[in-house]
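Residue numbers (the working numbering): 16 to 118.
Here a beta-carbon is modelled for each residue, glycine too, at the ideal position from N, C-alpha and C.
As the structure is a computational prediction, the values presented were derived from the model and not from experiment.
Shown next, in structure tokens, is the structure this report addresses.
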């Protein structure tokens, strides 16, 4: 979008100029928080256990990450629906499976 400003703030461990270890990242668009992540990093990507929160602090995903992507070992929400980890899988940023209420 024309005129949109994005801000990314990282606080945590660094190694050879890359995010490595434990840290937190906050993304803001036009001065308003968009989402946040706290957890493990490897080679500048989300890796290991981590939590992603939405702009209003609601849980979006908590679980394992590998090479910057959600793995099939975690729990999350899409909007108001809680996802059922044992009935579906994460593929990149998308969840394929059932919600807690069976939908």
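- Identify every residue that forms a DSSP beta bridge with residue 15. Not covered by the structure: residue 15. The range shown for the chain is 16 to 118.
- Query: Helix, strand or coil: how does DSSP classify residue 86 here?
  - Reply: strand
- Determine the DSSP secondary structure at residue 71, reduced to helix, strand or coil. coil
- Query: When the Cα of residue 62 is compared with those of 32, 20, 77 and 21, which residue comes out closest?
  - Reply: Measuring from the Cα of residue 62, the nearest candidate turns out to be 77.
- Message: Quick check on residue 33: does DSSP put it in helix, strand or coil?
- Response: strand
- Report yes if the CB atom of residue 55 is closer than 8 Å to the CB atom of residue 80, and no otherwise. yes
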